[in-house]
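The structure under discussion appears below in the form of structure tokens.
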Amino acid sequence: MAVKRQFIAGAACPACGAVDRVQRCLDGERIWMECVACGMVRDLDDAPPAEDPPAQPVTLRPNKRSH
């Protein structure tokens, strides 16, 4: 099976910091990311799932400026 590659728009390489040079690669069951600028390869199969930050309440107040 051929490797399916997809560039990740706006992503910065964690190794060299190059922006728009990181691609997600898929080959059957294996998933990894590569940087075409520096050659960094990172396996995504073992990456822990990203956690959402806890929700915080927001209070909206009217503007009390006087004219």
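Residue numbers for the sequence shown follow my numbering, beginning at 507 and rising by one.
Idealized CB from N, CA, C, for every residue including glycine.
Quick one: give me the first and last residue of the beta strand (DSSP E) that residue i is part of.
i	result
CYS531	528 to 533
GLN512	510 to 513
ASP549	547 to 549
ALA541	Checking the sequence shown, residue 541 turns out to be Cys, not Ala. Element bounds for CYS541: 536 to 541.
Verify whether the separation of the beta carbon atoms of residue i and residue j is less than 8 Å.
i	j	result
VAL525	ALA518	yes
MET539	ALA521	no
Nearest-angstrom Cα distance between residue i and residue j?
i	j	result
PHE513	GLU557	23 Å
CYS544	GLU535	25 Å
GLN529	PRO559	26 Å
PRO568	GLN562	20 Å
ARG527	ASP551	20 Å
Check the C-beta distance from residue i over to residue j and give it rounded, since I have them as a contact under 8 Å.
i	j	result
CYS531	ARG511	5 Å
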